[in-house]
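Sequence positions in the sequence shown follow mature numbering (1 follows the signal peptide of the UniProt record, and there is no 0) and run -23 to -1, 1 to 158.
All C-beta atoms in this analysis are idealised placements derived from N, C-alpha and C, irrespective of residue type, glycine included.
Owing to the predicted nature of the structure, the values given are computational and were not obtained by experimental measurement.
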Amino acid sequence: MKSIRALFLFALMLALLASCQQAGKQEIQEKEVKTSDTEGLETDNDDPEVSIKAKEIESYPISLYDQVEFDIDGDGEPENIEMYVNAEQDGEGKYLWDDGQDWLLVVKDGDKTYPLFEGWVQIGKLSFWLIESGETPMLILLKTGTAEFTLQTFTFEEKTQGFIQRTHFNPENVNFWYGTK
Ligand SMILES: [Ca+2]
Ligand SMILES: [Ca+2]
C-alpha cells in the first residue's frame, strides 16, 4: 500500500514539474515576442516626424549667409527665412571656413521665430529650396557633410502652430566622394 502511495506521489511530482517547465517556456516565448516588438518600434522611430515650435533664439551665429521672403505658412503674408553660419567673411565677402561650424536656419513670422535647423555641420553645408507642391508651400533642406547627406522637408501645420519636419533621406555610414561644382 505504501509503495503505491509513494508511486502516486512521485507521478504527481513529475506532473507538477512538467507543468512548471511548460509555464517557463511560455514565459520565455512571450518575452521574445515582446523584445522583437520593441525592436520593430525602434526601427519605425528612426525618422519620426518632428514638430518644431516657435522659440526664443539665445544667440545667432555671426554671419547672415542667406535670406529670402516667402509665404511658407500660406496665410497670404510673406515670412522671413534666414540662414546664419558661424564663419567670418574676409574683406571681399568670402567665407573663412573652418573644419565645421554652427548653422542656424530660421523662419521669422512677426514676433515668432521657428528654428528649422540649429547645430554643428562638420566639413559641409546647408542648402535650402522653397517650393510649392500643389497648394502646399514647403522648405526643402539638404545637409551635406563628411559623413552625412540628409534631405528633409518642412511644412507649416496650422493646427499645431508648428513646422512638421520630415526626414526623407538619411543614409548611414556615408563616405562623401564627390559633388558637382
Ligand atoms: Ca505667410
Ligand atoms: Ca504668417
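query = Expressed to the nearest angstrom, what Euclidean distance is found between the alpha-carbon atoms of Phe47 and Ile58?
reply = Here residue 47 corresponds to residue number 70 of the sequence shown, with the count starting at 1. Here residue 58 corresponds to residue number 81 of the sequence shown, with the count starting at 1. Computed Cα separation, rounded: 7 Å.
request  = Please confirm whether any heavy atom of ligand 2 lies closer than 7 Å to the CB of Asp88.
outcome  = By 1-based counting over the sequence shown, the position of residue 88 is 111. No, the Cβ of Asp88 stays beyond 7 Å of every heavy atom of ligand 2.
query = Which residue comes first and which comes last in the beta strand (DSSP E) that contains Gln78?
reply = Residue numbering aside, residue 78 sits at position 101 when the sequence shown is read from its first letter. Its beta strand (DSSP E) spans residues Gly77 to Asp86.
key: Cβ-heavy atom distance, Asp50 to ligand 2, below 7 Å   = As a position in the sequence shown, residue 50 is number 73, starting the count at 1. True, at least one ligand heavy atom lies under 7 Å from that Cβ.
ask   = Going by the C-beta, is Glu56 closer than 7 Å to any heavy atom of ligand 2?
value = As a first step, residue 56 must be located in the sequence shown, where it is residue number 79. Yes, ligand 2 has a heavy atom inside 7 Å of this Cβ.
task = Report the residue from Gly122, Phe94 and Ile100 whose alpha carbon sits nearest the alpha carbon of Arg143.
result = By one-based count along the sequence shown, residue 143 stands at place 166. Selected option, being the one with the closest Cα: Phe94.
For Trp154 and Phe146, the rounded distance between their alpha carbons = In the sequence shown, residue 146 corresponds to position 169, counting from 1. In the sequence shown, residue 154 corresponds to position 177, counting from 1. When only Cα atoms are considered, Phe146 and Trp154 end up about 17 Å apart.
message = Tell me the DSSP secondary structure of Asn57 in three-state form.
response = The residue you call residue 57 lines up with position 80 of the sequence shown. Strand at Asn57.
Neighbourhood of Lys8 by C-beta distance below 8 Å, restricted to the same chain and skipping five residues each side = Position 31 of the sequence shown holds residue 8. Below a pLDDT of 50, predicted positions are generally treated as unreliable, and Lys8, at 43, falls in that range; no measurement from the model is reported.
Reference Asp50, options Glu112, Asn150, Leu128 and Thr127, closest by Cα = Taking the first residue of the sequence shown as 1, we reach residue 50 at position 73. Minimum Cα distance to Asp50 is reached at Glu112.
ask   = In the structure shown, what three-state DSSP assignment does Pro148 receive?
value = Your numbering for residue 148 matches position 171 in the sequence shown. It is coil, neither helix nor strand.
query = To which residues of the same chain is Asp14 closer than 7 Å at the C-beta, ignoring the five residues directly before and after it?
reply = Locating residue 14 in the sequence shown gives position 37, counting from the first residue. Bear in mind that the predicted position of Asp14 carries a pLDDT of just 43, short of 50, making it unreliable; the figure below should be weighed with that in mind. Closer than 7 Å at Cβ, skipping near neighbours: no residue.
ask   = DSSP state of Ser110, grouped into three classes?
value = Residue mapping note: residue 110 aligns to position 133 of the sequence shown, counting from 1. In the three-state DSSP reduction, Ser110 falls in the strand class (E or B).
key: Lys32 burial status per 10 Å Cβ neighbour count (16 or more: buried)   = Counting from 1 along the sequence shown, the entry for residue 32 is found at position 55. When all chains shown are included, Lys32 counts as exposed.
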